[in-house]
Amino acid sequence: MYEGIKILQVGEDISKLSLVLSKEYGLLPNDAIHAATCKSYGIDNIATNDSDFDRVDFLKVWKP
Numbered sequence: 079m080y081e082g083i084k085i086l087q088v089g090e091d092i093s094k095l096s097l098v099l100s101k102e103y104g105l106l107p108n109d110a111i112h113a114a115t116c117k118s119y120g121i122d123n124i125a126t127n128d129s130d131f132d133r134v135d136f137l138k139v140w141k142p
């Protein structure tokens with residue numbers, strides 16, 4: 079599709095983890111799904127201007 083872009087699957091495990099992360103870090107559902115997907119796939123960097131991710135201790139936030 080696009081060079082350098084990979085589509086990741088979001089299944090039941092990630093959905094369940096997103097509920098935990100939503101409560102733990104005070105994230106909105108979409109943010110929690112992104113954080114859970116990162117955690118599940120071993121991704122530790124995220125580029126975003128959303129300051130809510132600053133609370134997620136397992137992610138390094140890059141402000142574009």
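For what it's worth, the working numbering labels the leading residue of the sequence shown as 79, then goes sequentially. A virtual CB, placed ideally from N, CA and C, is assigned to each residue, including glycine.
Could you check if residue i is buried or exposed, using at least 16 other CB atoms within 10 Å of its CB as the buried criterion?
i      : result
Phe131 : buried
Ile85  : exposed
Do you know how far the Cα of residue j is from the Cα of residue i?
i      : j      : result
Val98  : Thr126 : 21 Å
Gln87  : Ala113 : 14 Å
Gly120 : Val134 : 14 Å
Tyr80  : Asn123 : 20 Å
Could you spell out where the beta strand (DSSP E) holding residue i opens and where it closes?
i      : result
Lys117 : First-last for Lys117: Pro107 to Tyr119, but that is the alpha helix (DSSP H), not the beta strand (DSSP E).
Ile85  : Note, Ile85: premise wrong, no beta strand (DSSP E); not H, not E.
Taking DSSP's pairing of strands, which residues face residue i in a bridge?
i      : result
Leu124 : First, the amino acid is wrong: residue 124 is Ile here, not Leu. In the DSSP output, where bridge partners are listed per residue, Ile124 has Val139.
What three-state label does DSSP hand residue i in the structure shown?
i     : result
Val98 : helix
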